[in-house]
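*Asks:* Just dropping this structure here.
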Amino acid sequence: MPNSHSTTTNGGKPENWYASWFDTPYYHILYKDRDYAEAQLFMDNITSYLNLPENAKILDLACGKGRHSIYLNQLGYDVTGADLSENSINEASKYANETLHFQVHDMREPWEEKFDAIFNLFTSFGYFESDDDNFTTLKAIHDSLSEYGFAVIDFMNVDQVIQNLVPSETKSVDGIDFHIKRYVEDNHIVKEIKFNDDAQDFCFYEKVKALTLSDFESMMDQAGIYLLDVFGDYKLRKFHKNDSERLIMVFK
Numbered sequence: 001m002p003n004s005h006s007t008t009t010n011g012g013k014p015e016n017w018y019a020s021w022f023d024t025p026y027y028h029i030l031y032k033d034r035d036y037a038e039a040q041l042f043m044d045n046i047t048s049y050l051n052l053p054e055n056a057k058i059l060d061l062a063c064g065k066g067r068h069s070i071y072l073n074q075l076g077y078d079v080t081g082a083d084l085s086e087n088s089i090n091e092a093s094k095y096a097n098e099t100l101h102f103q104v105h106d107m108r109e110p111w112e113e114k115f116d117a118i119f120n121l122f123t124s125f126g127y128f129e130s131d132d133d134n135f136t137t138l139k140a141i142h143d144s145l146s147e148y149g150f151a152v153i154d155f156m157n158v159d160q161v162i163q164n165l166v167p168s169e170t171k172s173v174d175g176i177d178f179h180i181k182r183y184v185e186d187n188h189i190v191k192e193i194k195f196n197d198d199a200q201d202f203c204f205y206e207k208v209k210a211l212t213l214s215d216f217e218s219m220m221d222q223a224g225i226y227l228l229d230v231f232g233d234y235k236l237r238k239f240h241k242n243d244s245e246r247l248i249m250v251f252k
């Protein structure tokens, strides 16, 4: 599970963890060793599978600092990267050019322009407390596609994640010891991240709804969305409920 957010030092869980945690430098420190080669392989595979036209307009939704947007742009696409985190968008905007744009955007809001492809990558879905908000996000993605456009949601495979959940570990990065706990609560997979820096204690949470393929299917049915294909990893192999690493859904 990649992403995380929300600080409280008083032990209470913040409502919108994602609005604060993603905006801190600590989020980027903790996850700086992510496997971006694997991510690029995924971009290569999915764009070739979708057979996108040259200069296709792609929306990278929840783009963070824009690393995947930048790579998609290098492949020749006209890319917009969008994220709720102003800090991340400020950082990403340093790489903007005529065919690569970044803007702060709430994924629940549809876009006026239409895209040939919308990518929502690395479990950047299911952050909201309310099921309605998750449904609204799905609908907004659907409504922002061009007539022949495709959307791709790359989510964790909840069954496999819960089966293999590491309850606690400590990761030391840049001299900071991140104490991480993982557990399932109220149908959410929760990651609690505690650490001390400059004699100050911090506590952040990542909290993602434990959405299964059947949860997505019923949301899609309700939204009038046609699910075209489901893959289980970045090499686009078949999805297996018990052991696939990812749940990658393609719809139009």
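Okay, so the sequence shown: first residue is 1 according to the working numbering, each after it adds one.
Yeah, the Cβ is synthetic: ideal placement off N, Cα and C, and Gly gets one too.
(1) Going by beta carbon distance, what residues of the same chain come within less than 8 Å of residue 191, once the five residues before and after it are set aside?
(2) Give me the Cβ distance between residue 251 and residue 151, rounded to the nearest whole Å; I'm assuming they're in contact under 8 Å.
(3) Check this for me: beta carbons of residue 232 and residue 244, under 8 Å apart or not?
(4) Can you tell me which of 54, 62, 92 puts its alpha carbon nearest to the alpha carbon of residue 76?
(5) What does residue 157 pair with, by DSSP beta-bridge criteria?
(6) State the beta-bridge partners of residue 194 as determined by DSSP.
(7) Give the DSSP-derived three-state secondary structure of residue 134 in the structure shown.
(8) If you run the structure through DSSP and keep just helix, strand and coil, what is residue 234?
(9) Is the beta carbon of residue 149 sitting closer than 8 Å to the one on residue 115?
(10) Just to confirm the assignment, what range does the alpha helix (DSSP H) spanning residue 67 have?
(11) If we count the other Cβ atoms within 10 Å of its Cβ and call it buried at 16 or more, is residue 120 buried or exposed?
(12) Give a yes or no on whether the C-beta atoms belonging to residue 92 and residue 102 are separated by under 8 Å.
(13) According to DSSP, what are the bridge partners of residue 246?
(14) Assign residue 241 to one of three DSSP states: helix, strand, or coil.
(15) Can you list, in chain order, the residues of its chain with a C-beta nearer than 7 Å to that of residue 36? Leave out the 5 residues immediately preceding and following it.
(16) Output the distance between the C-alpha atoms of residue 241 and residue 49, rounded to the nearest integer angstrom.
(17) So, helix, strand or coil for residue 62, using DSSP?
(18) Would you mind working out which of 163, 196, 112 sits nearest residue 170, comparing C-alpha positions?
*Replies:* According to the data block:
(1) Closer than 8 Å at Cβ, skipping near neighbours: 1, 4, 180, 181, 182, 205, 206, 207.
(2) Taking C-beta atoms under 8 Å as the contact rule, residue 251 and residue 151 qualify, at a distance of about 5 Å.
(3) Contact: yes.
(4) Residue 76 has its Cα closest to that of 54, out of 54, 62, 92.
(5) Paired residues: none, contrary to the question.
(6) DSSP lists 179, 203 as the beta-bridge partner residues of residue 194.
(7) Residue 134: helix per DSSP, three-state reduction.
(8) Residue 234 falls in the coil class under three-state DSSP.
(9) Contact flag set, yes.
(10) Looking at the DSSP string, the run of the alpha helix (DSSP H) that includes residue 67 is 67-74.
(11) Only buried fits residue 120, as 16 or more other CB atoms lie within 10 angstroms of its CB.
(12) Yes. Within cutoff.
(13) DSSP, once it has assigned bridges, lists 156 as partnering residue 246.
(14) Coil, per DSSP.
(15) Here the set comprises 67.
(16) One alpha carbon belongs to residue 241, the other to residue 49, and they sit about 22 Å apart.
(17) Here residue 62 sits in coil by DSSP.
(18) The candidate whose alpha carbon is nearest that of residue 170 is 196.
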